[in-house]
Amino acid sequence: MDTQDNKKLTGAKIDVINHYTGEKWYYSDIVKEHFFKPQNILLDAPKDDEYDASGMVGSPACGDMMNMWIKVDPQTGRIKDLKWKTFGCGSAIAATSMYSVMLTENGGMTVDDALKVKPQDIMLRLGGLPNRKIHCSVLADKAFQKTANDYYRKTGQNEKIVVEGARVIDDRLNITDKDIEEAVLEGAQTLEEVQKKLKVGVGLSEETLTDIEQLIRFYAEKYYG
Amino acid sequence: MDANIKRIYMDHAAATPLDARVREVMMPYLTEEFGNAGSLYREGRRAKDAVDDARTSIAHILGAHADEIIFTSGGTEGDTMALAGVARAYADKGRHIISTTIEHHAVLHTLDALKKEGFEITLVPVGQDGVVDPKDIERALRADTILVSVMYANNEIGTIQPIAEIGKIVRKFRAAKADLSSGPFFHTDACQAAGYLDLNVTKLNADMLVLNGSKIYGPKGSGVLYLRRGTRMRPIIFGGAQEGKRRAGTENVAGIVGLARALEIANENREQESARLEDLRGYFTSRLTREIPRTVLNGDAKNRLPNNINVSILDIEGEATILYLDAHGVACSTGSACTSESLDPSHVILALGRPYEYAHASIRFTLGRETTKQEIDRVMEVLPEVVTTLRRISPITVAEDAKGMSHPEAFAGEGLRVKADSKNYK
């Protein structure tokens, strides 16, 4: 890992300082606002066919869970309504609330465009989250990916379905890129920390180790970059 | 959400305020009495006298000899020193160590480190009540067992472990061995027990006992390791010859003096304060479980510290609850993964045989000297509303007798292989 990456990852440890505002509180004011007054919560159990699609995901990193429902305008393909529920922490609640606003504001995004919203985009609108809590906002876009798949399936757009496949990195230990992603989201920043998370100490080949190091850089860049 | 709202502090297992009487005896050593206890001249002698007096006072309360008291920087150092120091000293006699699944990380992570040095660790599980069965410890004992470590009272769920009984078993086992100097020795982390339970090391049959000043209205950065005469220990901190060559470093005189005073006060008030808090605990627990549906007490209801209430408020996540309560002026803590640095849910709640959703939903209130019934009533005014709000947001309903996850499918699906709760879902 080169010095620049190291520096970036070391910086990621300071989790109580907001890196956008420098504010030394756990959460930014916008986060607090969305946390205490979350938008677009589904309050009543949905009636049959009330929503066009739905999805439920869990975060293996911390055990949070998220349910999402959408209504899509059949003419324009824009998201008319997005509702959600979560068994999640402050960051998950605030990030999903913000995400639901972003996807439905100004007449709503198309499902295709909504899929292009990245965790960093939510982060920017929230004024930052502690690094350790970034995996909580990832949950919102994973729930939406699943919901979008459900929508594409129901509307016959099967070619658009994106299945998050897992690429096996090590056959023998059955380690996949998803495992590395999870480990990075759980805060592992070095090869050693990832190995500790995955509970694999020895027996990995040089090629596998290089592969894992590349993935650590990739996911660190993706979520913390 | 008013910034001037009167705070209700219910996290005394995390930290206690410094008692004014403790501060008073500390002040001179933070100001004019600054001498190094190792110096021969007057300033040094005065500092040394203060440290000696503190040592004598603490030894008296523990029923120990003064030379068995080692001052440390707190609970973590005491536990690390006791386990690593004693294990390394007896490594030639045996390499097996017994502890439990609900110990503090100061113990568990030290044991992890010792494992890397070649020691073998057996962690004995606890029952659903959060109490270890002494018979399970007895069964785990082997000829090469050199150490047994069981906490006096658990920091998360407050359950009290049968220390005297376990200590007796360990002692008997040692006495029956041909080589008496080969252990096993018995260590107990008493950081949470201090102030509520009897600390007499003879009655407890403890060879090592650890205390932390900051849990008993004393200063942070102060602690004690009691080490029974005849128990060898290798230092883990090197330098000067302080603390009988067992713990190097200039004595923290103010901290030591404060710790001794704090322990004296805690010991004097122990029975009266325990009885008062036990009443409040009963009142709070019954209101919580009656007035908030689907709230489950973690750990045995009676066999626990008088100040500890730990409940899982099912279906809502602990960090969110903590932050909502904080906004209402209430300070308490959770075993939720979301608040821990490692993102691991409470190992203690999991050790009770509960699914991680219980840990995720666990809330710990620990009462203290200033806690009143009015404060509890105030918490009960705001908490039900917080719970209602967060339950409206929550998509899950956890069974009250759940042993496994409520929605494993949420973690899998669409060809994604996912690990959760130590299992693989596809």
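Protein sequences, first through last, are from chains W and R. Quick note on numbering: the first sequence equals residues 60 to 284 in this note's numbering. Quick note on numbering: the second sequence equals residues 913 to 1338 in this note's numbering. From the three backbone atoms N, C-alpha and C, an ideal C-beta is built for every residue, glycine too.
Test: R:Glu1287 CB closer than 7 Å to a CB of chain W: no
Residue(s) in a DSSP beta bridge with R:Val1044: For R:Val1044, which the question treats as bridged, DSSP gives no partner whatsoever.
DSSP-derived helix/strand/coil call for R:His1058: The amino acid occupying residue 1058 of chain R in the given sequence is Ile; His does not appear at that position. The answer is strand: DSSP assigns R:Ile1058 an E or B state.
Neighbouring residues, chain W, relative to R:Ser1306 (Cβ below 8 Å): Lys144, Thr145 and Phe146
Backbone CA spacing between R:Asp1212 and R:Gln1040 [nearest angstrom]: 8 Å
Contacting residues, own chain, Cβ-Cβ under 8 Å from R:Ala1243 (five flanking each side not counted): Arg919, Ile920, Tyr921, Met922, Asp923 and Leu1237
Cβ pair count under 8 Å reaching 3, the region 1178–1196 of chain R against the region 1268–1275 of chain R: no
Start-to-end residues for the alpha helix (DSSP H) that takes in R:Ser1011: Unbroken run through R:Ser1011 is the beta strand (DSSP E), His1008 to Thr1012; no alpha helix (DSSP H).
Length of the line joining the Cα atoms of W:Ser113 and R:Gly1194: 44 Å
Under 8 Å from the C-beta of R:Ala1239: neighbouring residues of chain W: Phe95
R:Arg1140 CB to nearest heavy atom of the ligand NAP below 6 Å: With respect to the ligand NAP, the structure offers nothing, as it holds no ligand at all.
R:Asp1110 versus R:Phe1277, R:Ala959 and R:Ile973, residue with shortest Cα-Cα distance: R:Ile973
Contiguous beta strand (DSSP E) assignments of at least 3 residues, all confined to the region 1097–1154 of chain R: 1097–1101, 1120–1124 and 1135–1139
R:Ile1228 and R:Thr1197 closer than 7 Å at C-beta: no
Whole-angstrom distance between R:Arg933 and R:Arg1209, CA atom to CA atom: With the sequence shown as reference, residue 1209 of chain R is identified as Leu, and Arg is not the correct amino acid for it. Distance between the alpha carbons of R:Leu1209 and R:Arg933 is about 35 Å.
Outcome for W:Met124 when other beta-carbon atoms lying within 10 angstroms are tallied against a minimum of 16: buried
Per DSSP, cross-strand counterpart(s) of W:Met115: W:Asn126
Separation of R:Arg957 from R:Leu1175, as counted between CA atoms: 24 Å
Three-state secondary structure (DSSP) of R:Arg1281: coil
Inter-residue Cα distance where the pair is R:Phe1031 and R:Ile1128: 33 Å
C-alpha gap between R:Ala1172 and R:Ser1245, whole angstroms: 28 Å
Proximity test, Cβ basis, 7 Å: W:Gly149 and chain R: yes
Contact check, R:Thr1071 vs R:Ala1052, beta carbons under 7 Å: no
Contacting residues, own chain, Cβ-Cβ under 6 Å from W:Glu82 (five flanking each side not counted): Model confidence at W:Glu82 stands at a pLDDT of 42, short of 50, so the residue's coordinates are unreliable and nothing is read from them.
R:Ser951, buried or exposed, once every other Cβ within 10 Å from all chains shown has been counted against 16: exposed
Cβ of R:Ala1340 within 7 Å of any chain W Cβ: Outside the shown range of chain R, which is 913 to 1338, sits residue 1340 of chain R, and nothing can be said about it.
Nearest-angstrom Cα separation, counted from R:Ala1065 out to R:Glu1155: 27 Å
Classification of W:Thr80 by the beta-carbon crowding that lies within 10 angstroms, buried from 16 upward: A caution first: W:Thr80 carries a pLDDT of 44, below 50, which makes its placement in the model too unreliable to give a value.
Beta-carbon proximity list for W:Ser156, same chain, < 6 Å, skipping 5 on both sides: His93, Pro97 and Gln98
C-beta neighbour in chain R for W:Asn126, strict 7 Å: yes
7 Å Cβ cutoff, R:Cys1250 in contact with chain W: yes
W:Val227 - containing alpha helix (DSSP H), residue span: No alpha helix (DSSP H) holds W:Val227; the beta strand (DSSP E) holding it covers Val227 to Asp229.
Burial state of W:Lys142 (16 or more Cβ within 10 Å): buried
Short Cβ contact (7 Å threshold) for R:Thr1278 with R:Asn1219: yes
Minimum Cβ-Cβ distance from W:Ile239 to chain R less than 7 Å: no
Nearest candidate by alpha-carbon position, reference R:Gln1104, set R:Gly1125, R:Lys1084 and R:Glu1203: R:Gly1125
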